[in-house]
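Heads up: the structure comes next, in structure tokens.
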Amino acid sequence: QDLFVVSGGNEFAGTDEPLRSRLYLNDGRGRLTRDLAGLPPLFGNGGCVAVADYDADGDQDLFLGHRVASRAYGRIPTSHLLRNEGKGRFVDVTNDVAPEVAQAGMVSGALWLDVDGDSALDLVVVGEWMPVRVFHQDKGRFTDRRSAGLDSSEGWWSSVTAADVDGDGSQDLVLGNLGRNAYVRASRGQPATLHVGDFFGTGTVKQLLAFHKPDGRRYPMAGRDDLLKLMPALRSRYPSFASFGASRVEDILGEELAKAEVHRAYTLESAVALHRGNRFELQPLPTEAQFAPVYASVVDDFDGDGVRDVYVAGNLWGVTPMLGRYDASRGLLLRGKNGALVPSAPAQSGMTIDGAVRAMAIVRRAGGGRLLAVARNNATLQLFSLPR
2 QDLFVVSGGN EFAGTDEPLR SRLYLNDGRG RLTRDLAGLP PLFGNGGCVA VADYDADGDQ
62 DLFLGHRVAS RAYGRIPTSH LLRNEGKGRF VDVTNDVAPE VAQAGMVSGA LWLDVDGDSA
122 LDLVVVGEWM PVRVFHQDKG RFTDRRSAGL DSSEGWWSSV TAADVDGDGS QDLVLGNLGR
182 NAYVRASRGQ PATLHVGDFF GTGTVKQLLA FHKPDGRRYP MAGRDDLLKL MPALRSRYPS
242 FASFGASRVE DILGEELAKA EVHRAYTLES AVALHRGNRF ELQPLPTEAQ FAPVYASVVD
302 DFDGDGVRDV YVAGNLWGVT PMLGRYDASR GLLLRGKNGA LVPSAPAQSG MTIDGAVRAM
362 AIVRRAGGGR LLAVARNNAT LQLFSLPR
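Residue numbers (my numbering): 2 to 389.
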């Protein structure tokens with residue numbers, strides 16, 4: 002197999018070489034060589050890569066989802082659809098066949114799936130401050146299918162996995178999100194909001210994250226000190242903590258608010274989108290799955306009863322002291338039972354994960370048997386033996 006690599010980092014921007022996507026071709030003996038001619042010049046903070054033969058011509062095509070715009074969080078980066086022209090030569094066809102995909106959002110995950118049963122692969126994309134988006138393929142062109150039942154699903158989505166969760170024969174979506182054990186709250190009536198713009202004309206992109214508190218008013222997440230570092234022009238307006246304490250977003254930004262680009266999140270719950278014909282029905286995962294952010298999920302028969310189960314994991318440690326790190330997850334097995342998902346504690350499942358999980362996969366052993374491989378930030382790969 003060949004290898005496609007994306008990178009990222011806020012210290013780089015524009016066409017800085019570390020942001021270039023890279024293609025390595027396998028010579029058939031396990032040696033990989035970088036192919037400089039196989040890709041158009043693509044630079045950005047890679048969020049995900051989804052591989053499939055979407056045009057059914059016998060070779061693998063690529064969706065490259067970009068995560069953020071460097072030094073301008075909240076601006077939408079450009080994502081790309083790359084068609085394989087044969088022998089590993091890729092052409093960027095985004096503008097020709099999928100113009101809406103280019104501005105899909107701040108993408109963190111994607112997969113190919115025949116959503117409507119027409120034998121053509123559609124593209125499912127998730128990310129921060131965006132809904133779960135389904136780009137329907139019709140004769141090689143992709144359009145955002147907002148009628149799929151997910152048009153008001155804006156969240157902080159971090160992962161997506163496809164599997165038949167409820168056993169009805171159709172593919173559902175397991176969706177990772179921040180969870181409910183968090184300082185930030187969001188709902189349809191009181192969404193979390195992100196205001197993005199060059200506030201007070203300093204020449205740099207700034208962000209103001211806000212959410213509703215119990216009094217029903219919107220307040221910024223940042224405290225006075227952090228906000229003044231970001232926007233020094235406010236220092237004279239808020240000389241003390243007392244003067245800042247009751248300030249709402251409208252008070253802080255004033256006329257600048259009208260210039261801002263606004264993103265909203267209506268749900269922070271990890272969820273499953275159940276496939277109902279040509280639509281999806283979004284349902285939150287059980288409460289035990291909401292204790293921490295979910296960054297990875299895998300679907301398989303973990304307990305050997307012939308029914309598919311879901312295993313989710315995550316955590317997030319790089320958080321400010323004011324919020325505290327999100328570390329309440331030790332991994333959670335959700336057993337499939339009568340079309341529902343029933344939580345099974347780590348002590349019952351025999352699988353306990355310590356760390357910040359970012360990816361998981363089922364590995365088949367050559368001599369039989371299966372392993373659950375768990376990739377964690379700044380830690381070794383963790384392996385669990387599963388029933389045959």
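Note that the Cβ used here is the ideal one computed from N, Cα and C, for glycine as well.
Checklist entry - Taking just the CA atoms, how far does VAL343 sit from GLY180? => result 17 Å
Checklist entry - Hey, how far is the Cα of VAL126 from the Cα of THR203? => result Roughly 34 Å separates the two Cα atoms.
Checklist entry - Tell me, which residues are paired with THR162 by DSSP? => result DSSP lists VAL175 as the beta-bridge partner residues of THR162.
Checklist entry - Contact check, TRP130 vs ALA53 under 8 Å by CB: the rounded distance? => result About 26 Å separates the two Cβ atoms, so there is no contact after all.
Checklist entry - Going by alpha carbons, who is nearest to HIS264 out of SER244, PHE212, ARG236 and GLY351? => result PHE212
Checklist entry - For LEU20, which residues from the same chain have a beta carbon less than 8 Å from its beta carbon, with the 5 sequence-adjacent residues on both sides left out? => result SER8, GLY9, GLY10, PHE13, ALA14, PHE44, GLY45, ASN46 and SER71
Checklist entry - With contact counted as at least three CB pairs below 8 Å, one residue from each stretch, are the stretch 153 to 160 and the stretch 82 to 100 in contact? => result no
Checklist entry - Between GLY177 and VAL295, what straight-line distance do the alpha-carbon atoms span, to the nearest angstrom? => result 5 Å
Item to check | For ASP58, three-class secondary structure by DSSP | outcome: Coil, per DSSP.
Item to check | Option nearest VAL250 by Cα separation, candidates ALA266, LYS214 and LEU269 | outcome: LYS214
Checklist entry - How long is the line joining the alpha carbons of ALA51 and LEU228, rounded to whole angstroms? => result 38 Å
Item to check | Burial state of ASN378 (16 or more Cβ within 10 Å) | outcome: exposed
Checklist entry - At what residues does the beta strand (DSSP E) containing THR95 begin and finish? => result That residue, THR95, is in no beta strand (DSSP E); its alpha helix (DSSP H) goes 95 to 98.
Checklist entry - What does a CB cutoff of less than 8 Å around ASP123 pick up in its chain, not counting 5 residues either side in sequence? => result TRP113, LEU114, ASP115, VAL116, ASP117, VAL135, PHE136, HIS137, GLN138, PHE143 and ARG146
Checklist entry - With a Cβ-Cβ cutoff of 8 Å, do ASP152 and LEU275 count as a contact? => result no
Checklist entry - For ALA329, which three-state DSSP category applies? => result coil
Checklist entry - Taking DSSP as the reference, what is the three-state secondary structure of GLY319? => result coil
Checklist entry - With which residues is LEU373 paired in a DSSP beta bridge? => result According to DSSP, LEU373 bridges with ILE363 and PHE385.
Checklist entry - When the Cα atoms are used, what is the spatial distance from GLY369 to ASP301? => result 16 Å
Checklist entry - With distances taken from CA atoms, which of PHE64, VAL102, MET361 and CYS49 is nearest GLY332? => result Taking each of PHE64, VAL102, MET361 and CYS49 in turn and checking the Cα distance to GLY332, the smallest one comes out for MET361.
Checklist entry - Could you give the residue range of the beta strand (DSSP E) that holds PRO132? => result Careful: PRO132 lies outside any beta strand (DSSP E) and carries neither H nor E.
Next on the checklist: ASP304 and ARG336 - do their beta-carbons sit closer together than 8 Å?
Outcome noted: yes
Next on the checklist: When you compare the CB positions of VAL108 and HIS67, do they come within less than 8 Å of one another, or not?
Outcome noted: yes
Item to check | Uninterrupted alpha helix (DSSP H) stretches inside the stretch 236 to 282 (no shorter than 4 residues) | outcome: 242 to 246 and 250 to 254
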